[in-house]
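Before any comments, here is the structure.
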Amino acid sequence: YEKILVGNLANGERFETYCIYGAAGSGVIELNGATAHLGKIGDRLTIMSYGYYTSVEAVEGKPAVLLLDETNTIVRESGTVHC
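Note that our numbering gives residue 44 to position 42 of the sequence shown, counting from 1, and the numbers run on in steps of one.
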């Protein structure tokens with residue numbers, strides 16, 4: 003599983019959970035289990051995925067920022083600022 007941090011822009015909740023992949027292209031984003039109490043249908047979410055990398059992987063990695071519309075379709079993709 004992929005560990006993620008989720009911020010709910012509607013109510014200020016922030017929580018860690020893991021990603022369960024669904025059907026590609028479905029546009030479905032669900033909060034399951036205990037996290038289902040931290041949001042509701044229509045809430046805007048910020049979903050952050052992160053990991054631990056070796057120094058070589060960190061240099062060669064290509065982080066991305068995706069902006070989705072109300073149907074969860076990607077409308078813009080960009081890189082991130084290097085720190």
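For glycine and all other residues, C-beta sits at the position ideal for the given N, C-alpha and C.
Return the CA-CA distance between GLU62 and ASN10, expressed in angstroms with no decimal places.
-> 31 angstroms
If you draw a straight line from the alpha carbon of GLU32 to that of VAL58, how long is it in whole angstroms?
-> 34 angstroms
Identify, in the order they occur along the chain, each residue of the same chain with its Cβ nearer than 7 angstroms to the Cβ of GLU4, setting aside the five sequence neighbours on each side.
-> TYR20, CYS21 and SER51
What three-state label does DSSP hand VAL58 in the structure shown?
-> helix
What is the DSSP secondary structure of GLY9, reduced to helix, strand or coil?
-> strand
Is the distance from the Cβ of ASN74 to the Cβ of GLY29 below 9 angstroms?
-> yes
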